[in-house]
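Asker: This is the structure, below, for whatever I ask next.
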Amino acid sequence: MSLFWLVVIVLAIAFVGYVAGRARALASAGGDMRDLHSLPSYYGANVAMKAAVPAFLILVLWLLVQPFVIHSNISGMIPEGSVGEGSSLGLVMAEVRRAAEGLDNAVATGQMTDDFARNARADFNDITTRLKEAGQIVTSQITQPIMRAAQSYRIMVSTGNLYMTIVVLLAAIAGGLWGIRETNAEFRARNTVERGIRVILFSAALIAVLTTLGIVLSLVFNTVEFFRLYPAMDFFFGLTWSPSFSGRGGSSELGILPLLWGTFYISFVALAVAVPIGLFAAVYLSEYAGPKVRAVAKPLLEILAGIPTIVYGLFALLTVGPLLLSAFGDNGLGIMKAGTAVMTAGLVMGVMLIPFVSSLSDDIINAVPQAMRDGSYGLGATKSETVKLVILPAALPGIVGAILLAASRAIGETMIVVLGAGAAARLSLNPFEAMTTVTAKIVSQLTGDADFASPVALVAFALGMTLFVVTLGLNIVALYIVRKYREQYD
Amino acid sequence: MTDTTLSPEIRPAPAAEPVKSKSLYALDDLTRKRNASEKRFKFYGIGAVLIGLFFLVVLATTIISEGIPAFTRTIVEVEFTLTQEQYDAAEKELFKTKAYEQFFIGALQGQLEESGMSVPFDAAAIERIVGKTGGTIREFFKANPGALGSPAAFELAASSRVDGYTNGRVTRETLTDSRFLEKSDLDIVDSLVEAGIIKTVFNWNFITGADSGVDNPGGAGIGASVVGSFFMMLVVLFLSLPIGVAASIYLEEFAPQNRFTDLIEVNISNLAAVPSIVFGILGLAVFIQFMHLPQSAPLVGGLVLTLMTLPTIIISTRASLKAVPPSIRDAALGVGASKMQSIFHHVLPLAMPGILTGTIIGLAQALGETAPLLLIGMVGFVARGYPDGFITGFTEPNSAMPAQIYTWAARADYAFYEKAWGGIIVLLVFLLTMNILAVILRRRFERRW
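First to last, the sequence lines map onto chains S and C.
In terms of this note's numbering, the first sequence is numbered consecutively and its last residue is 490.
In terms of this note's numbering, the second sequence is numbered consecutively and its last residue is 1449.
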């Protein structure tokens, strides 16, 4: 909340600066706007910019750096011995943070005095029970080192926040004053402001790069952490996937191959559904259908792409699964045991991908020059022969690109497989058996109760890394093919 | 037509080789084959389009037929009068709620007889149909002693199996006798329905309520998670629109042609194709692990979805900026505007309808996204109630519509599946509204140059 007010105060300073800067500029020109270099509002904006931008930059940097400083200070306070067997410094630090938060909340709700929270000793005062009584979540008995660390954590956070408030406000005021000082009729306010805006625009564009960087860093760091706890060879070449949440992951076997097999099998089924249907639909809509049919059928097909994947997931779980089970289950062919299976997820995912394949291929088929069609017709070819022998070969690179993009979609799809494919990791050829995928396991490993520091949770980051690399590779290849192809006719 | 005008003399001797059909009206085998394959090919195309449309129809009918029951609920409406003496007598009993239940059953029997029907039933059957009634009635009269002596109407929710029976989810064939409901109870239900005591009413609680525990499917509502989604969309709108527009303006109007600009562009097109679950991992690692933002908070969900929607918004914004003709910029520059002024005063307003259309479509995508929300903890029993205020709406744990639907789908009780389908109807209504809004915006305001 104090952060909110800090932001509000900085904005207020900026606003006051705007008004003051504008008034000063007008005054310096003797009230005649024509003697100013820029419009008066630019002088105001200059002051406001100088007040707000550095202050907010400091604020953001401070918020990012402070946790690190505190973390390194506090972790120095925790004696070696208090990190128990099967625990880690990270877990103890989490406990410290929880205890500090608990103290904060208890003080805020008035169940503890601030004085007590600062000075209580875990071995004399019954802190754990008192915190629990105050409705705070404390996972284990708080020991004295943790208590001491939590107390200094609280103090450091509050002093840190105090300093931050002071520094940010000083920066805002100083910036504002600097802006006001340089304001006079000669000052090129418009140029300065526009340079500032340009920097802001540039940093907005930079966010895309930062996002990628964030993805890569968060994946890499946690993956490295995982490989420190679990051998990389076993992960990439292991044939069994059986995480054990109990023994802190000690007895888990985390081989990715069954998951990759499930992923590719389901994607293959999906593409086997989507590619023929999508391709034929695209050919029909672009070569045969009249404008009226096209105007109705194309948007209708594209609705399929706009439906959220959770809907498809539910459709797979509750409609397609039971339907397939009644045909292939014990009452039918007897090769299907449960509604969730490769076939269920694959079929539904195929339906989802139909518009994806069809509209991409449609664009590519339309990009084939009309002259090639006319030439083919002139030689006496029928429409279908033209499509098969002229248009599709000409559009082939683009269509391959579209299929690769669809494949990358299928591999990265989550909700359909979480609900429709089952949870058992298997290496099997039977498409009516339940299998699981990389994405489904990322969800199950990270939504459980496992601790972030244990291999069974960290493996999700390694899986995410694999997924990211595979889909990125597919996308790059697909875009490369599409782009290369486009140049041929332009 | 030259063939037919040729005289027979200059033709090669007909007897020399086997004669094929001379007439153009009679098709030879090859042509027939080619025509047939042409026809086949066309039918494959029609078939493919029809299969696609068929799936759409199946999906739509499934959603509607499975989801509509979630919007109704079955109630048992009983009206009776409890006198002061009866109340006192009941309060003296050892099993107080039991005594109240007797009153309830008596009243029920009375109403049944009034409409000329009689079915034998016992207290256990009634308990299976409407649950424990005694407690509710006792609480009511304890809270309103003034209601004693005058007729009071009770609307009690029927148990989830009875609810299923009245809306067709449970039938006599599929019902197995259990402590929840027995086959003989259905006779009682049938006559109660006929007497107008069991009714189906619109389930407002589904639209306004919060999620319920696993044992109470009837009380589950989607309202709280709609609010969660709303707060998330606020975050997405207020972050992704300005950032996306600023980034597009930079890339479209200012960026120099160099490798760094290329890097940004490649980044954006790749981000658009990164699987959504990877954004969830990013959110978990950066916003929760690293920045310690609260778990399950709409704020975090909104931040993750912002990063996901940005590429969509940037791509569509750039397209609409590109569509504004350069003559507008030149005219502005010609009367002395700076480049910045020409863009912010002239180009941007003209591109605004296109930008807003793209933003709405991006928001609609974000609204239906589930996978990243699962990773940041918006799943499970989190949408327990409405947030207290506007600020806490961003930080308190809440769910979002798609995550709530997933939560219901993951529960074992079949009655929750109905809620999940109902939730999908609500979600799709929102998406449809947004898309229609986008289409209207495009139709009304987009200019073709």
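Even for Gly, the Cβ is constructed at its ideal location relative to N, Cα and C.
Since this is a predicted model, take the numbers as computed values, not measurements.
Closer than 9 Å between beta carbons: that is the criterion. Which residues of the segment 299-320 of chain S meet it against chain C?
Answerer: The segment 299-320 of chain S vs chain C, Cβ under 9 Å: Leu300, Leu301, Ile303, Leu304, Gly306, Ile307, Pro308, Thr309, Ile310, Val311, Tyr312, Gly313, Leu314, Phe315, Leu317, Leu318, Thr319.
Asker: Alpha carbon to alpha carbon, how far is Pro1294/C from Thr1395/C?
Answerer: 7 Å
Asker: Between Ile1268/C and Gly110/S, what straight-line distance do the alpha-carbon atoms span, to the nearest angstrom?
Answerer: Cα-Cα distance, rounded: 49 Å.
Asker: Is it a yes or a no for the segment 1274-1282 of chain C touching the segment 461-476 of chain S, going by three-plus beta-carbon pairs under 8 Å?
Answerer: yes
Asker: Check the Cβ of Leu1441/C against every Cβ in chain S and list those closer than 9 Å, keeping chain order.
Answerer: Result: empty, since nearest Cβ-Cβ is about 17 Å, beyond 9 Å.
Asker: Mapping DSSP to helix, strand and coil, what is Lys441/S?
Answerer: helix
Asker: Does any C-beta atom of chain S lie closer than 7 Å to the C-beta of Pro1275/C?
Answerer: yes
Asker: Does the CB of Met1340/C have a neighbour CB from chain S at under 7 Å?
Answerer: Taking a beta-carbon distance threshold of 7 Å, Met1340/C counts as an interface residue toward chain S.
Asker: On the criterion of 16 or more Cβ atoms from any shown chain inside 10 Å, does Lys484/S qualify as buried, or is it exposed?
Answerer: exposed
Asker: Considering only their Cβ atoms, is the gap separating Ser286/S from Asp362/S smaller than 7 Å?
Answerer: Cβ atoms of Asp362/S and Ser286/S: closer than 7 Å.
Asker: Under the three-state reduction of DSSP, which class applies to Ala29/S: helix, strand or coil?
Answerer: coil
Asker: Report the residues of the segment 175-206 of chain S with a CB closer than 9 Å to any CB of chain C, ordered along the chain.
Answerer: Here the close residues are Arg190, Asn191, Val193, Glu194, Ile197, Arg198, Ile200, Leu201, Phe202, Ser203, Ala204, Ala205, Leu206.
Asker: Does the beta-carbon distance from Phe1279/C to Leu1307/C come in below 7 Å?
Answerer: Against a cut-off of 7 Å, the Cβ pair of Leu1307/C and Phe1279/C comes out as a contact.
Asker: If the cut is a Cβ gap below 8 Å, which residues of chain C does Val443/S touch?
Answerer: Ile1277, Ala1371, Leu1374, Leu1375
Asker: With 7 Å as the threshold, decide whether the Cβ of Asn1267/C is near any Cβ in chain S.
Answerer: yes
Asker: Is it right to say Thr1359/C is buried, meaning 16 or more other beta carbons lie within 10 angstroms of its own, or is it exposed?
Answerer: buried
Asker: State the Cα-Cα distance for the pair Val19/S and Pro54/S, rounded to the nearest angstrom.
Answerer: 19 Å
Asker: Taking 7 Å as the threshold (beta carbon to beta carbon), is Thr1176/C in contact with chain S?
Answerer: So, not an interface residue.
Asker: Specify the secondary structure class of Phe1121/C as computed by DSSP and reduced to three states.
Answerer: Of the three classes helix, strand and coil, the one that applies to Phe1121/C here is coil, per DSSP.
Asker: Name the residue from Leu379/S, Phe315/S, Gly329/S whose alpha carbon lies nearest to the alpha carbon of Leu1059/C.
Answerer: Phe315/S
Asker: Alpha carbon to alpha carbon, what distance is there between Arg1169/C and Pro291/S?
Answerer: Looking at the two C-alpha atoms, the distance is approximately 44 Å.
Asker: For Leu260/S, report the span of its alpha helix (DSSP H) as first-last.
Answerer: First-last of the alpha helix (DSSP H) with Leu260/S: 257-283.
Asker: Are the beta-carbon atoms belonging to Val1078/C and Phe1154/C less than 7 Å from one another?
Answerer: yes
Asker: Taking the alpha-carbon of Ile978/C as reference, which of Asp115/S, Ala281/S, Ser444/S has the nearest alpha-carbon?
Answerer: The requested residue 978/C does not occur in the structure, where chain C is confined to residues 1001 to 1449.
Asker: Hey, is Leu1056/C's beta-carbon within less than 7 Å of any beta-carbon in chain S?
Answerer: For Leu1056/C, the answer is yes, since a Cβ of chain S falls inside 7 Å of its Cβ.
Asker: Which first and last residues belong to the beta strand (DSSP E) in which Val1201/C is found?
Answerer: Unbroken beta strand (DSSP E) run through Val1201/C: 1198-1202.
Asker: Is the beta carbon of Tyr43/S less than 7 Å from the beta carbon of Thr192/S?
Answerer: no
Asker: Alpha carbon to alpha carbon, how far is Leu1053/C from Gly249/S? Give it in angstroms, no decimals.
Answerer: Model confidence at Gly249/S stands at a pLDDT of 45, short of 50, so the residue's coordinates are unreliable; what they give is reported in the following sentence. Each residue's Cα considered, the two are about 48 Å apart.
Asker: Could you name the residues of chain C that Met343/S contacts, counting a contact when the two beta carbons are closer than 7 Å?
Answerer: The contacting residues do not exist; Met343/S stays about 16 Å from chain C at best.
Asker: With three or more C-beta pairs closer than 8 Å as the rule, is the segment 415-435 of chain S touching the segment 261-274 of chain S?
Answerer: yes
Asker: Which residues, in order along the segment 1031-1043 of chain C, keep a beta-carbon less than 9 Å from a beta-carbon of chain S?
Answerer: Arg1034, Asn1035, Ser1037, Glu1038, Lys1039, Arg1040, Phe1041, Lys1042
Asker: Which bits of chain S does His1292/C rub up against, with CB to CB less than 9 Å?
Answerer: Pro67, Arg97
Asker: Start and end of the alpha helix (DSSP H) containing Ile1188/C?
Answerer: 1183-1194
Asker: Measure the C-alpha to C-alpha separation of Gly1334/C and Arg198/S and round it to an integer number of angstroms.
Answerer: Their Cα atoms are separated by approximately 21 Å.
Asker: For Asp1413/C, which residues of its own chain have a beta-carbon under 6 Å away from its beta-carbon, when the five flanking residues on both sides are left out?
Answerer: Closer than 6 Å at Cβ, skipping near neighbours: Pro1217.
Asker: Flag this pair as yes or no: are the beta carbons of Ala1351/C and Leu1310/C separated by less than 7 Å?
Answerer: no
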